[in-house]
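Chemist: In terms of my numbering, the sequence shown opens at residue 984 and continues consecutively.
Just so it is clear, CB atoms sit at the ideal spot from N, CA and C, and this is done for glycine as well.
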Amino acid sequence: EVKGKPLTPVATAYVRARNADPMCSFGDFVAVSHEVDVATASILKIEVSDGIIAPGFEPEALEILRAKKGGKFIVLQADNDFVFPEMEYRMVGGIGFMQKR
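In structure tokens:
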């Protein structure tokens, strides 16, 4: 429930994505493409989730997330300098798929 909570652009994007199909996200991992702010961390605090990966975290947001699940919530910081390869490969059921990024 986000009624009455301040929503930043990052928090709004998360809420919209989550609400697109809230039942399918049980035990999920959140990926955010921007720095996680306090508003977003406050929403994540009450959601069922196992962890998050983002390029950065505001200090207070990081503390909120580190306290989630009794300190067992996984917080990962993405490498901003990572360059994706030109081709992406996936194996599904023994079949290989390749696509250009």
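(1) Alpha carbon to alpha carbon, how far is Glu1041 from Ser1025? Give it in angstroms, no decimals.
(2) Which residue's Cα is closest to the Cα of Asp1062: Lys1055, Val1015, Arg999?
(3) Just the C-alpha distance for Ala1153 and Arg999, rounded to the nearest angstrom, thanks.
(4) Would you say the segment 1043-1059 touches the segment 1068-1077, given that touching needs at least three Cβ pairs under 8 Å?
(5) Near Val1013, what residues of its chain come up, given a Cβ to Cβ distance below 6 Å and the 5 sequence neighbours on each side ignored?
(6) My output table needs one value for Val1118: the three-state DSSP class, helix, strand or coil.
(7) Per DSSP, what kind of secondary structure is Glu1071 in: helix, strand or coil?
(8) Look up Lys1083 in the DSSP assignment and give the residues it is bridged to.
(9) Which of the three DSSP states is assigned to Ala1061 in this structure?
(10) Could you check where the beta strand (DSSP E) with Val1013 kicks off and where it finishes?
Modeler: On the basis of the data shown:
(1) 12 Å
(2) Val1015
(3) The question about residue 1153 has no answer, for the chain in this structure spans 984 to 1084.
(4) no
(5) Ser1032, Ile1035
(6) Because the chain is modelled from 984 through 1084, residue 1118 falls outside the range shown and cannot be assessed.
(7) strand
(8) Met1070
(9) coil
(10) 1012-1014
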